[in-house]
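When we follow my numbering, the leftmost residue of the sequence shown carries the number 1, and every step to the right adds one. For reference, the structure is listed below as structure tokens.
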Amino acid sequence: MHTFVVILLVIVSIGLIGVVLLQSGKSAGLSGAISGGAESLFGKQKARGIDLILHRITIVLSVLFFILALAVTYFKI
């Protein structure tokens, strides 16, 4: 069981890295970091199309990553 969970963790990790790299940058430079964070905080920019799909896939894969990481430690004992 431990080997199966580790294999799933590696697959999810590679998928998460790929999805994060496919996402487009939201802002550039220091000024974009300051104003871009405020815009996304107050919802001025809505993600649409492929950006929305990649964002949702990132959330799902990150939750799976944490669950599988906990499962690896549980089944190791």
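Don't be surprised by glycine CBs; every beta carbon is placed ideally from N, CA and C. None of these values were measured; they are calculated from a predicted model.
Backbone CA spacing between residue i and residue j [nearest angstrom]
i     : j     : result
Leu21 : Leu52 : 14 Å
Thr3  : Gly49 : 37 Å
Leu9  : Gly25 : 26 Å
Leu54 : Val19 : 6 Å
Gly70 : Arg56 : In the sequence as displayed, the identity of residue 70 is Leu instead of Gly. About 22 Å.
8 Å contact criterion, which residue i and residue j should meet: CB distance rounded
i     : j     : result
Phe75 : Val12 : The Cβ separation is near 16 Å, so there is no contact.
Leu16 : Thr58 : 7 Å
Val5  : Leu61 : That pair is no contact at about 16 Å.
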